[in-house]
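Have a look at the structure below, then the notes.
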Amino acid sequence: MLIDSFPLLTVLLLFITASIMPLLKKSNLVKGICIISFIVSFVMYLATLNRVLKTGDYFYRVGHFNAPFGIEFHVGTVECIMGILFTFVAIMVIWNSIYNIHFDIREDKIPLYYLLVNILIASLLGIVFSNDMFNVFVFIEIGNLASCGIVVVKDKKENIKAGMKYLIMSCLGSGLVLMGIAFLYSITGHLNMTYIHNELVKNYIHYPRTILITLGLFTVGLGVKSAMFPLHTWLPDAHSNAPTTSSAILSSLVLKGYILFLIKVLYRVFGIEIIRNFPILNIILVLGCLGMILGSIFAIFQKNLKRVIAYSTVAQMGYIFFAIGLGTELGIIMSIFHIIGHAVTKAALFLCTGAIIQGTGHKNLDELKGVGKEMPYTLGLFFIASLSMIGIPLLPGFVSKWYLALGSIEANKTLLIAVILASSLLNAVYYFPVSINGFFGEENLRGKIYKSKSKSLKELLPIIILVIAMIYIGIDSQSIINLIKTGLV
Amino acid sequence: MEKLLTNYYETGAIILFGIGFMTLLLNNNLIKKIIGMNIMDTAVFLFFIAKGYIQGKEAPIISGNFKGMEGYINPIPTSLMLTGIVVAVSTTAFALALTVKIYEKYGTVELDKILNKGE
Numbered sequence: 001m002l003i004d005s006f007p008l009l010t011v012l013l014l015f016i017t018a019s020i021m022p023l024l025k026k027s028n029l030v031k032g033i034c035i036i037s038f039i040v041s042f043v044m045y046l047a048t049l050n051r052v053l054k055t056g057d058y059f060y061r062v063g064h065f066n067a068p069f070g071i072e073f074h075v076g077t078v079e080c081i082m083g084i085l086f087t088f089v090a091i092m093v094i095w096n097s098i099y100n101i102h103f104d105i106r107e108d109k110i111p112l113y114y115l116l117v118n119i120l121i122a123s124l125l126g127i128v129f130s131n132d133m134f135n136v137f138v139f140i141e142i143g144n145l146a147s148c149g150i151v152v153v154k155d156k157k158e159n160i161k162a163g164m165k166y167l168i169m170s171c172l173g174s175g176l177v178l179m180g181i182a183f184l185y186s187i188t189g190h191l192n193m194t195y196i197h198n199e200l201v202k203n204y205i206h207y208p209r210t211i212l213i214t215l216g217l218f219t220v221g222l223g224v225k226s227a228m229f230p231l232h233t234w235l236p237d238a239h240s241n242a243p244t245t246s247s248a249i250l251s252s253l254v255l256k257g258y259i260l261f262l263i264k265v266l267y268r269v270f271g272i273e274i275i276r277n278f279p280i281l282n283i284i285l286v287l288g289c290l291g292m293i294l295g296s297i298f299a300i301f302q303k304n305l306k307r308v309i310a311y312s313t314v315a316q317m318g319y320i321f322f323a324i325g326l327g328t329e330l331g332i333i334m335s336i337f338h339i340i341g342h343a344v345t346k347a348a349l350f351l352c353t354g355a356i357i358q359g360t361g362h363k364n365l366d367e368l369k370g371v372g373k374e375m376p377y378t379l380g381l382f383f384i385a386s387l388s389m390i391g392i393p394l395l396p397g398f399v400s401k402w403y404l405a406l407g408s409i410e411a412n413k414t415l416l417i418a419v420i421l422a423s424s425l426l427n428a429v430y431y432f433p434v435s436i437n438g439f440f441g442e443e444n445l446r447g448k449i450y451k452s453k454s455k456s457l458k459e460l461l462p463i464i465i466l467v468i469a470m471i472y473i474g475i476d477s478q479s480i481i482n483l484i485k486t487g488l489v
Numbered sequence: 001m002e003k004l005l006t007n008y009y010e011t012g013a014i015i016l017f018g019i020g021f022m023t024l025l026l027n028n029n030l031i032k033k034i035i036g037m038n039i040m041d042t043a044v045f046l047f048f049i050a051k052g053y054i055q056g057k058e059a060p061i062i063s064g065n066f067k068g069m070e071g072y073i074n075p076i077p078t079s080l081m082l083t084g085i086v087v088a089v090s091t092t093a094f095a096l097a098l099t100v101k102i103y104e105k106y107g108t109v110e111l112d113k114i115l116n117k118g119e
């Protein structure tokens, strides 16, 4: 059936349209092709999700060889939700970039920039769907190069420095991941995740040390790439110096692709029965807690608005690692739910910040006081999105915190609720001042002209849609959680 | 110790991996970092290919008559590492290009000096 091949088709579609882009001279045409390719992918994933909900998960064979020799795509509910999420956020970010990409990037580089964006999202979708370890590694490397590319594209001093740092750290990560794959291959003789799992279940008793090392290699390697707490050092530089569009994509999507692979490695390749015998989940839990607290503390001391949001990403990734580390079913569901909520929210936050920085020409928090009078709608949207980060009821941030608290009670780790509370309070400490200083205060508002730098509705529309999607995710969280639950089994 | 000697391919690969990893992490010079990255990748290639090698069997290239499945080594790790080499080469090329850019903008390839200048 044609509908079965949609996941593969979207990945191919994005790669093929990417390869056409540098041949075209007109940047408007390139923008059009880029956004249309994402819209087509989005519709395809909706159709696939519909199909999966009706008839259940399936394996799609790529090429003419059956598993274990050929490459397979595993298409399940969670994968389809991720596909929809990635393409949806990408559509909104690219729609927003159409109006303001020329502020950041030279005109002749624009086709190449959209090429990188398409390749990056395609490789992330590949990581999400592929059921073959080595195939995932190749997608990781493609995504690695493309994501460094969209950081350095601005061609400024700081960008290249940040890009180099990012490249070195992620090469370190992918080296470790490849070594992990080599270890798994040497124990099991397979590269297909399902087959590796079947072999491991039979034989893991005999290789306790090797499995421990392999788990360590995967956790550290993917931890570097998805900014697990002590390995996050590249993130603030890369995310704050990159152009707005890149920051939004990097922060909301790229990290999520790698973390989803980590979830797959832990729960699909090894399986909960095997990893229970090793302390790996507790280590992830502790690092997640540290990330939640210290990421927020670092964010408080930042002076640059984009760096504040970048450090907030470190803290939010901490929540996802925390949820994985709980090791219960609720934990996994909430890690996936938090991926969804955070992707939409962080994209909206970065796009608002980009609009504010572009409108005022200032980056530092001190200079952005009173910006609420000049750009009331943009800062209003920023405020709503930051409420979700802090955890105000009805918004997705609150839902994931609430369920994480329930999850820690369920896992008999009530002490962790204190960590969640502390982290929420710290979030409030650095997000509220931005909005409060923006909207209120006599001296802040003096000399500012109402709506003088306001953006037109057309340019704000992508951010508004993101915020509406975020509120929808918050209100309708129960059905999304149920959907994820049916997909996990 | 005896285990290490009998599996000398793997031992060598892990030692190389460690060397590459530490070079990548601890050196300040960007070119040395890239060399470290390459050593690390090569160690993984060695590890993988050693896993596919079977004592006394031929390379899986049929010239003349086919000797049956038992006559050849496992070709999958070798072919995987071909892809791995392509990936490593492209990453190295990108890293070197960035290093050239960094030298143009900062006038040095020492990471600590670059970080200090950025402040």
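Same order as they appear, the protein sequences are chains A and R. Numbering of the first sequence is given in the working numbering, commencing with residue 1 and proceeding in unit increments. Numbering of the second sequence is given in the working numbering, commencing with residue 1 and proceeding in unit increments. Cβ coordinates follow ideal geometry from the N, Cα and C atoms, glycine included.
1) Once you ignore the five residues that flank A299(A) on each side, which residues in its own chain have a CB closer than 6 Å to its CB?
2) State the Cα-Cα distance for the pair L351(A) and G391(A), rounded to the nearest angstrom.
3) Could you pull the start and end residues of the beta strand (DSSP E) that I333(A) belongs to?
4) Taking 8 Å as the threshold, find out whether the segment 259-277 of chain A comes into contact with the segment 188-201 of chain A through three or more Cβ pairs.
5) Starting from E2(R), trace the alpha helix (DSSP H) both ways and give me its first and last residue.
6) If you reduce the DSSP assignment to three classes, tell me which class R51(A) lands in.
7) Could you name the residues of the segment 30-44 of chain R whose beta carbon sits closer than 9 Å to any beta carbon of chain A, in the order they occur along the chain?
8) List the endpoints of the continuous beta strand (DSSP E) containing Y60(A).
9) So what does V399(A) bridge to, in DSSP terms?
10) Leaving out the 5 sequence neighbours to the left and right, which residues in its chain are closer than 6 Å to I284(A) when beta-carbon positions are compared?
11) Quick one: Cα of W402(A) to Cα of F218(A), how far?
12) Our contact map puts I71(A) next to V62(A) with C-beta atoms below 8 Å; I'd like the distance itself, whole angstroms only.
13) Per DSSP, H74(A) forms a beta bridge with which residues?
14) For G327(A), count neighbouring Cβ atoms within 10 angstroms of its own Cβ and tell me buried if that reaches 16, exposed if not.
15) Got a sec? Which residues, its chain only, sit under 7 Å from S27(A) by beta carbon, not counting five neighbours each side?
16) Does H190(A) pass the burial test, meaning 16 or more other C-beta atoms within 10 Å, or should it be called exposed?
17) Tell me whether S19(A) is buried or exposed, calling it buried when 16 or more other Cβ atoms sit within 10 Å of its Cβ.
18) If you follow the alpha helix (DSSP H) that L14(A) is in, where does it begin and where does it stop?
19) Hey, how far is the Cα of F261(A) from the Cα of L255(A)?
20) In the segment 98-145 of chain A, which residue ranges form an unbroken alpha helix (DSSP H) of at least 4 residues, counting only runs that do not cross its ends?
21) Which of the three DSSP states is assigned to Y103(R) in this structure?
22) Ends of the alpha helix (DSSP H) at K256(A)?
23) Could you spell out the range, first to last residue, of the alpha helix (DSSP H) harbouring N282(A)?
24) DSSP beta-bridge partners for Y72(R)?
25) Measuring CA to CA, which of M92(A), V152(A), I150(A), L124(A) is closest to F139(A)?
26) Closest Cβ-Cβ distance between V93(A) and chain R: below 8 Å?
27) Measure how close the beta-carbons of Y99(A) and I150(A) come, nearest whole angstrom, since I'm counting them as under 8 Å.
28) With 8 Å as the threshold, decide whether the Cβ of V89(R) is near any Cβ in chain A.
29) Have a look at Y207(A) and F278(A) and give me their C-alpha separation to the nearest angstrom.
30) Enumerate in chain order the residues of its own chain whose CB-to-CB distance from I39(A) is below 7 Å, with the five nearest sequence positions on each side excluded.
31) Assign E374(A) to one of two classes, buried (16 or more other C-beta atoms within 10 Å of its C-beta) or exposed (fewer than that).
32) Between L521(A) and L98(R), is the Cβ-Cβ spacing less than 8 Å?
33) Which residue spans inside the segment 358-440 of chain A form an unbroken alpha helix (DSSP H) run of at least 4?
34) For A533(A), is the classification buried or exposed, using 16 other Cβ atoms within 10 angstroms of its Cβ as the cut-off for buried?
35) Since L371(A) and I384(A) are thought to touch, with beta carbons under 8 Å apart, how far apart are those beta carbons, to the nearest angstrom?
In terms of the structure at hand:
1) Residue 299(A) sits at position 299 when you count from the first residue of the first sequence. The answer, listed in chain order, is V308, Y311, S312, Y430.
2) The sequence position of residue 351(A) within the first sequence is 351, counting from 1. The sequence position of residue 391(A) within the first sequence is 391, counting from 1. C-alpha separation (whole angstroms): 20 Å.
3) Here residue 333(A) is taken as the residue at index 333 of the first sequence, counted from 1. Premise fails: I333(A) lies in the alpha helix (DSSP H), 329-360, not in any beta strand (DSSP E).
4) Short answer: they touch.
5) Against the second sequence, residue 2(R) aligns to sequence position 2. Boundaries of the alpha helix (DSSP H) harbouring E2(R): 2-6, taken from the DSSP string.
6) If you number the first sequence from 1, residue 51(A) lands on position 51. R51(A) sits in a helix when the DSSP states are folded into three classes.
7) Of all residues in the segment 30-44 of chain R, L30, K33, I34, M37, M40, D41, A43, V44 have a Cβ within less than 9 Å of some Cβ in chain A.
8) Against the first sequence, residue 60(A) aligns to sequence position 60. Note, Y60(A): beta strand (DSSP E), 58-62.
9) Indexing the first sequence from 1 puts residue 399(A) at position 399. Per DSSP, none; premise fails for V399(A).
10) For the purposes of this step, residue 284(A) is taken as the residue at position 284 of the first sequence. Within the same chain, Cβ atoms closer than 6 Å to the Cβ of I284(A) are found at F321, I324, G325, the five residues on either side in sequence being excluded.
11) Mapped onto the first sequence, residue 402(A) falls at position 402. Mapped onto the first sequence, residue 218(A) falls at position 218. Whole-angstrom Cα-Cα distance: 29 Å.
12) In the first sequence, residue 71(A) corresponds to position 71, counting from 1. In the first sequence, residue 62(A) corresponds to position 62, counting from 1. That belief holds up - the Cβ atoms of I71(A) and V62(A) are roughly 4 Å apart, short of 8 Å.
13) Your numbering for residue 74(A) matches position 74 in the first sequence. Per the DSSP secondary-structure output, H74(A) pairs in a beta bridge with F59(A).
14) Here residue 327(A) is taken as the residue at index 327 of the first sequence, counted from 1. Result: buried.
15) Your numbering for residue 27(A) matches position 27 in the first sequence. Cβ neighbours of S27(A) beyond the five flanking positions: E107, I110, P111.
16) In the first sequence, residue 190(A) corresponds to position 190, counting from 1. H190(A) should be labelled buried.
17) As a working note, residue 19(A) is residue 19 in the first sequence. S19(A) is classed as exposed because its beta carbon has fewer than 16 other beta carbons within 10 Å across all chains shown.
18) If you number the first sequence from 1, residue 14(A) lands on position 14. L14(A): member of the alpha helix (DSSP H) spanning 6-20, first to last residue.
19) The sequence position of residue 261(A) within the first sequence is 261, counting from 1. The sequence position of residue 255(A) within the first sequence is 255, counting from 1. Taking the Cα positions, F261(A) is about 10 Å away from L255(A).
20) Scanning the segment 98-145 of chain A for uninterrupted alpha helix (DSSP H) segments of 4 residues or longer gives 110-129, listed from N- to C-terminal end.
21) By one-based count along the second sequence, residue 103(R) stands at place 103. Correct three-state label for Y103(R): helix.
22) Taking the first sequence and counting its residues from 1, the one referred to as residue 256(A) is at position 256. Bounds of the alpha helix (DSSP H) holding K256(A) are 255-264.
23) Position 282 of the first sequence holds residue 282(A). Per DSSP, N282(A) belongs to the alpha helix (DSSP H) from 280-300.
24) Start at 1 with the first residue of the second sequence, and residue 72(R) comes out as number 72. Y72(R) is bridged to E58(R).
25) As a position in the first sequence, residue 139(A) is number 139, starting the count at 1. The residue with the shortest Cα to Cα distance from F139(A) is L124(A).
26) Looking up residue 93(A) in the first sequence gives position 93. Cβ-Cβ to chain R under 8 Å: no for V93(A).
27) In the first sequence, the residue the question calls residue 99(A) occupies position 99. In the first sequence, the residue the question calls residue 150(A) occupies position 150. I150(A) and Y99(A) do not touch by the CB rule: their CB atoms are close to 18 Å apart, not below 8 Å.
28) Your numbering for residue 89(R) matches position 89 in the second sequence. No, because no Cβ of chain A sits closer than 8 Å to the Cβ of V89(R).
29) Numbered from 1 along the first sequence, position 207 holds the residue referred to as residue 207(A). Numbered from 1 along the first sequence, position 278 holds the residue referred to as residue 278(A). In a straight line, the C-alpha of Y207(A) is about 12 Å away from that of F278(A).
30) Taking the first sequence and counting its residues from 1, the one referred to as residue 39(A) is at position 39. Taken in chain order, the residues that qualify are I91.
31) By one-based count along the first sequence, residue 374(A) stands at place 374. E374(A) is buried by the Cβ-count criterion.
32) The structure shown does not extend to residue 521(A), since chain A spans only 1 to 489, so no value can be given for it.
33) Scanning the segment 358-440 of chain A for uninterrupted alpha helix (DSSP H) segments of 4 residues or longer gives 371-374, 376-390, 396-410, 415-439, listed from N- to C-terminal end.
34) Any question about residue 533(A) goes unanswered here, given that chain A covers just 1 to 489.
35) In the first sequence, the residue the question calls residue 371(A) occupies position 371. In the first sequence, the residue the question calls residue 384(A) occupies position 384. Per the sequence shown, residue 371(A) should be read as Val rather than Leu. The distance from the Cβ of V371(A) to that of I384(A) is about 16 Å, inconsistent with a contact at the 8 Å cut-off.
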